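Here's the structure, in C-alpha cells; my notes come after.
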Amino acid sequence: MSNIVSHEVRLASRPAGLPSSANFILAKRELEPLPDQQVLVRNLFMSVDPYMRGRMNEGKSYIPAFELGQPLEGRAVGEVIESCAKEFKAGDVVFSNFGWREYFMASPKALRSVSREIQPLSVYLGALGMTGMTAWAGLNLGEVKAGDVIYISGAAGAVGNVAGQLAKLRRCKVIGSAGSMEKVRFLRDECGFDIAFDYQTGPVSEQLNVEAPDGIDVYFDNIGGATLEAALSALKVHGRIIACGGISGYNEEQPRPGPANYFNVTTQRLTIKGMIVSDWLGRQGEFEKEVGGYFRAGKLKNHETVVEGIDQAVGAFLGLFAGKNIGKMIEKLA
Ligand SMILES: NC(=O)c1ccc[n+]([C@@H]2O[C@H](COP(=O)([O-])OP(=O)(O)OC[C@H]3O[C@@H](n4cnc5c(N)ncnc54)[C@H](OP(=O)(O)O)[C@@H]3O)[C@@H](O)[C@H]2O)c1
Numbered sequence: 004m005s006n007i008v009s010h011e012v013r014l015a016s017r018p019a020g021l022p023s024s025a026n027f028i029l030a031k032r033e034l035e036p037l038p039d040q041q042v043l044v045r046n047l048f049m050s051v052d053p054y055m056r057g058r059m060n061e062g063k064s065y066i067p068a069f070e071l072g073q074p075l076e077g078r079a080v081g082e083v084i085e086s087c088a089k090e091f092k093a094g095d096v097v098f099s100n101f102g103w104r105e106y107f108m109a110s111p112k113a114l115r116s117v118s119r120e121i122q123p124l125s126v127y128l129g130a131l132g133m134t135g136m137t138a139w140a141g142l143n144l145g146e147v148k149a150g151d152v153i154y155i156s157g158a159a160g161a162v163g164n165v166a167g168q169l170a171k172l173r174r175c176k177v178i179g180s181a182g183s184m185e186k187v188r189f190l191r192d193e194c195g196f197d198i199a200f201d202y203q204t205g206p207v208s209e210q211l212n213v214e215a216p217d218g219i220d221v222y223f224d225n226i227g228g229a230t231l232e233a234a235l236s237a238l239k240v241h242g243r244i245i246a247c248g249g250i251s252g253y254n255e256e257q258p259r260p261g262p263a264n265y266f267n268v269t270t271q272r273l274t275i276k277g278m279i280v281s282d283w284l285g286r287q288g289e290f291e292k293e294v295g296g297y298f299r300a301g302k303l304k305n306h307e308t309v310v311e312g313i314d315q316a317v318g319a320f321l322g323l324f325a326g327k328n329i330g331k332m333i334e335k336l337a
C-alpha cells in the first residue's frame, strides 16, 4: 500500500506561558511504501495530557523535550493496516507512543497488542491506561486504606476520577474538588464521591474546613499551588500527600514561591511522596489484573470527553488548561 497521506501535529515554537494554536502546525506527510520488518498503523484514538506541556519547554526534565519542527509524541491506540513483520497482521489493535498523527510506520518492538474485546478502545488511554495507572499507583504509594479520608484535587479529570473511584472501592471517605458545578455533580452522581465542591466558588481551605472539619488523612495532589497550601492546613497528624501533579503551575513563566504553611509538614509530621507513573511499569500486570477486573465487573467506569479529528487535537490539548474535559480527554482520529 502506498500514497497514504498522514496529517500530523508538529511543535512550531516553544510556548511562553499558556500555549496557543500558534505554537503548533498541522502538516502532511506522504508515507513511503512499507519496508520489511515494519508495521503500518492507522491511529484510532490518541491521548492529550498535561505532562506534554512540560515537554514543550527546552531543558532537562524526567522526560526529553519535544523537538521543534517534529511531530509531537504521545500514547495512541491504532489498527494495523499492513504488516511486513510476523508479529502483527492487518486488523490487530496496537498501543504505541506515536500519537499526534493519523498514520505511522514502526517496528514491532514499538507496539503492544491490545484486545478488541474491551470497548471503547480509548479505555487503554484512560481508566485502563496511563492515567488510570497513575491513580492506582498513587493510592498504592500513599498506602491508602479503608477508613482514610482522602481529598483529591483535579478530581473530575482523568487521574482524579479514577483515583476517587478506586478509593471508594478501598472504602475510604472521598472528597473531590473540580472547576464547575457540572463536574461536582459528575463526581457525586457518577463517580460515587462522598463530597465534592467547586473550588472556584470559594477558597479551598474554607470549603475543606466545612466538608472535613476533623481533617483529612491523605491529599492526592493534581494541582499544586493554592490547593496544596489549603490541603497542608487540612491534613491530620501523620497525614500523607501523594504528589502527582501541579497543573496550576505548568504555564507559569516564573517559579512560584512554595506554600506559606510548608512548616505544617513538620508540625503535623506529614509524609510527601512524589510519583512518576513510569516508575511503576514493572507492576503493570498487577494494575491490569486489579483495575481491569473492576472495569470488567462494572465496578469502575471509564469517563471521557471525546474530541474528533486531527485538526482538533491542539484544541483538545489546550482544553486541558481551561477545564474543558470531564474524565479523560480523548482525541478520536478515525
Ligand atoms: N506523576 C505522574 O506520573 C502523572 C501522570 C499523569 C498525570 N499526572 C498529573 O496529574 C494531573 C492530572 O492529570 P490528568 O491527565 O488527569 O488531567 P485532567 O485532570 O484530566 O485535565 C486537567 C484538568 O486540570 C484542571 N486544571 C487545569 N488548569 C488548572 C489550574 N490552573 N488550576 C486548577 N485546576 C486546573 C482542569 O479541571 P477543572 O475544571 O477542575 O479546573 C482540567 O480539566 C496533572 O497535574 C498531571 O500532570 C501525573
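Going by the numbering used here, the sequence shown opens with residue 4, and the numbers climb by one from there. Note that beta-carbon positions come from the ideal geometry of N, C-alpha and C, so glycine has one too. Note that the structure is a prediction, hence the values are computed from the model and not measured.
- Between ligand 1 and G326, a heavy atom-to-CB distance of less than 6 angstroms is present.
- A contact between stretches requires three or more CB pairs, one per stretch, nearer than 8 angstroms, and the segment 288-300 fails this requirement with the segment 7-21.
- Residues of the same chain with a CB within less than 6 angstroms of the CB of E76, apart from the 5 flanking positions on each side, are N100 in chain order.
- For T134, the distance from the CB to the nearest heavy atom of ligand 1 is below 6 angstroms.
- By the Cβ-count criterion, D151 is buried, with 16 or more other Cβ atoms from all chains shown falling within 10 Å of its own Cβ.
- Taking all protein chains in view, the Cβ of P74 is crowded by 16 or more other Cβ atoms within 10 Å, so the residue is classified as buried.
- In this model, K304 and A130 are separated by some 8 angstroms (Cα to Cα).
- Close CB contacts of F196 within its chain, under the 6 angstroms cut and outside five residues either way in sequence, are with G167, V177, G179 and L190 (chain order).
- Between G141 and M49 the beta-carbon gap is near 23 angstroms, outside 8 angstroms, which marks them as no contact.
- By the beta-carbon neighbour count (other beta carbons within 10 angstroms, threshold 16), A170 is buried.
- By the C-beta density criterion, K186 is buried, having at least 16 other C-beta atoms within 10 angstroms.
- Here A325 is exposed. Its C-beta has fewer than 16 other C-beta atoms within 10 Å.
- Around the CB of F266, fewer than 16 other CB atoms lie within 10 Å, so the residue is classed as exposed.
- Boundaries around K331 are those of the beta strand (DSSP E), K331 to K335, since no alpha helix (DSSP H) includes it.
- A check of alpha carbon separations from A233 across R259, A263, E256 and P258 identifies A263 as the nearest.
- By DSSP's assignment, A79 forms a beta bridge with M49 and S99.
- In terms of Cβ geometry, V280 and M59 do not form a close pair [threshold 7 angstroms].
- Annotation: A79 to G285 spans about 20 angstroms, alpha carbon to alpha carbon.
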